[in-house]
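Asker: The structure's right below; bear with me while I get my questions together.
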DNA sequence: AACACCGCCTGAGCGC
DNA sequence: TGCGCTCAGGCGGTGT
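Residue numbers (our numbering): 537 to 825.
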């Protein structure tokens, strides 16, 4: 379940490895995983990787021509580089592969794939297929799409959070998961942030006091930063851009800990479904009013 | 307009 | 050991 910290780790690790490399050829094994135009150009073939961007949980691979492939990782999506010999490049659910090479003077003759076999491969893998790739013809188109998302959670300010939460009476837990309200928080970091901010998940979003909103914005930033530092949370599938799992799951205070003692007060953590999402919280530490 | 809810999809983990 | 069941949940679409 890659959320913002996992996406950011992927961005950081991929940036070091593949920016400046040329895409020799692209293999799309499942066309239904790609939305928008699926021409070679749209998929960045014969383009150079200019940058890796992130907004919320989403990533984008940007080519030097300005074309961009937006990546939604969904539940089980992975985006990583490996050598062509690595079995991971040929895994069952490796839906799209970009064959990369350092050569910048490539011209014409289609020796691309064979010569790239010794080079790096960028792999998009997604067992459950909740993820997707979306192609955009320009950076402008990508930005237009990203404007539909709320502010990025990593740098969320109290004012912006207040503005977006005051509009809704939904449970604060539910509102935090809405990517139009705040981009980047999923089930893990919603529970962790609410615990840190000592706010009960069923509180109506528009009922939070100024002090609570300030605590929440700070808790979100702090939680996400700590998770990034620890390499993200690997519950089951997540690995970063070089295939390394994260360690932040060891620091989870509430997520997946229902019925176990609160790390703060020792009372047993509650668990319930809120808006169809498993939610864990401490009845003692997290205030209902 | 705001919100609730559904369905997509696979594999881990469990009980028997 | 192996089968069948449940659960995990991001997100777009649809219904209320």
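Built from N, CA and C at the ideal position, the CB exists for glycine as well.
Give the straight-line distance between the Cα atoms of residue 726 and residue 575, rounded to the nearest whole angstrom.
Answerer: Distance between the alpha carbons of residue 726 and residue 575: 38 Å.
Asker: Use the C-beta contact count for residue 802: other C-beta atoms within 10 angstroms, 16 or more gives buried, fewer gives exposed.
Answerer: It counts as exposed.
Asker: For residue 649, which three-state DSSP category applies?
Answerer: With a pLDDT of only 49 at residue 649, under the threshold of 50, the placement of this residue in the model should not be trusted, and no figure is reported.
Asker: Are the CB atoms of residue 688 and residue 826 within a distance shorter than 8 Å?
Answerer: No statement about residue 826 is possible, as the shown extent of the chain runs from 537 to 825 and does not include it.
Asker: Can you give, in chain order, each stretch of the alpha helix (DSSP H) that sits fully within the region 733-791 and has at least 4 residues?
Answerer: The region 733-791 contains these whole alpha helix (DSSP H) runs: 746-765.
Asker: Could you check the C-alpha separation between residue 758 and residue 776 for me, to the nearest Å?
Answerer: Near 20 Å, if we compare the C-alpha coordinates of residue 776 and residue 758.
Asker: Where does residue 538 fall in DSSP's three states?
Answerer: Coil.
Asker: Do you know how far the Cα of residue 621 is from the Cα of residue 717?
Answerer: Answer to the nearest angstrom: the Cα atoms are 43 Å apart.
Asker: Measuring CA to CA, which of 703, 715, 693 is closest to residue 755?
Answerer: Selected option, being the one with the closest Cα: 693.
Asker: So, helix, strand or coil for residue 606, using DSSP?
Answerer: Reduced to three states, the DSSP call for residue 606 is strand.
Asker: Answer with buried or exposed for residue 729, where buried requires no fewer than 16 other C-beta atoms within 10 angstroms of its C-beta.
Answerer: Buried is the call here.
Asker: Counting pairs of Cβ atoms below 8 Å between the region 559-569 and the region 625-636, do you hit three or more?
Answerer: Contact between the region 559-569 and the region 625-636 is present, because at least three Cβ pairs lie under 8 Å.
Asker: If you check the beta carbons only, do residue 715 and residue 592 fall under 8 Å apart?
Answerer: Going by C-beta atoms, residue 715 is nearer than 8 Å to residue 592.
Asker: Between the Cα of residue 753 and those of 703, 707, 698, spot the shortest distance and give me the residue it belongs to.
Answerer: When each option's Cα is compared against that of residue 753, the closest is 698.
Asker: Indicate the three-state DSSP secondary structure (helix, strand or coil) for residue 822 in the structure shown.
Answerer: Here residue 822 sits in coil by DSSP.
Asker: I'd like to check one pair, residue 617 with residue 599: are the Cβ atoms closer than 8 Å?
Answerer: No, they are not a contact pair.
Asker: For the beta strand (DSSP E) containing residue 676, name the first residue and the last one.
Answerer: Unbroken run through residue 676 is the alpha helix (DSSP H), 675-682; no beta strand (DSSP E).
Asker: Specify the secondary structure class of residue 491 as computed by DSSP and reduced to three states.
Answerer: There is simply no residue 491 to check, as the chain begins at 537 and stops at 825 in what is shown.
Asker: Report the partner residues of residue 616 according to the DSSP bridge assignment.
Answerer: The partner list for residue 616 (beta bridge, DSSP) reads 659.
Asker: Taking all protein chains shown into account, do 16 or more other C-beta atoms lie within 10 angstroms of the C-beta of residue 816, making it buried, or fewer, making it exposed?
Answerer: Burial call: buried.
Asker: If contacts are defined as beta-carbon pairs under 8 Å, then residue 604 and residue 685 qualify, I think. What distance do you get, rounded to the angstrom?
Answerer: Actually they do not touch by this definition, with Cβ atoms about 15 Å apart.
Asker: Please report the distance separating the alpha-carbon of residue 651 from that of residue 659.
Answerer: Caution applies to residue 651, whose pLDDT of 47 falls short of 50 and renders its modelled position unreliable; the model cannot decide the point.
Asker: If you draw a straight line from the alpha carbon of residue 746 to that of residue 557, how long is it in whole angstroms?
Answerer: Residue 746 and residue 557: Cα-Cα distance of roughly 48 Å.
Asker: Determine contact between the region 766-776 and the region 702-713, defined as no fewer than three beta-carbon pairs at a distance below 8 Å.
Answerer: No: the two stretches stay apart, fewer than three of their Cβ pairs being nearer than 8 Å.
Asker: Do residue 818 and residue 731 have their C-beta atoms closer together than 8 Å?
Answerer: In contact: residue 818 and residue 731 (Cβ atoms closer than 8 Å).
Asker: For residue 602, which residues in the same chain have their Cβ closer than 6 Å to its Cβ, ignoring the five residues on either side in sequence?
Answerer: Excluding sequence neighbours, residue 602 sits near 674, 675.
Asker: Closest by CA to residue 544, which one among 638, 793, 671, 691?
Answerer: The shortest C-alpha separation from residue 544 is found at 691.
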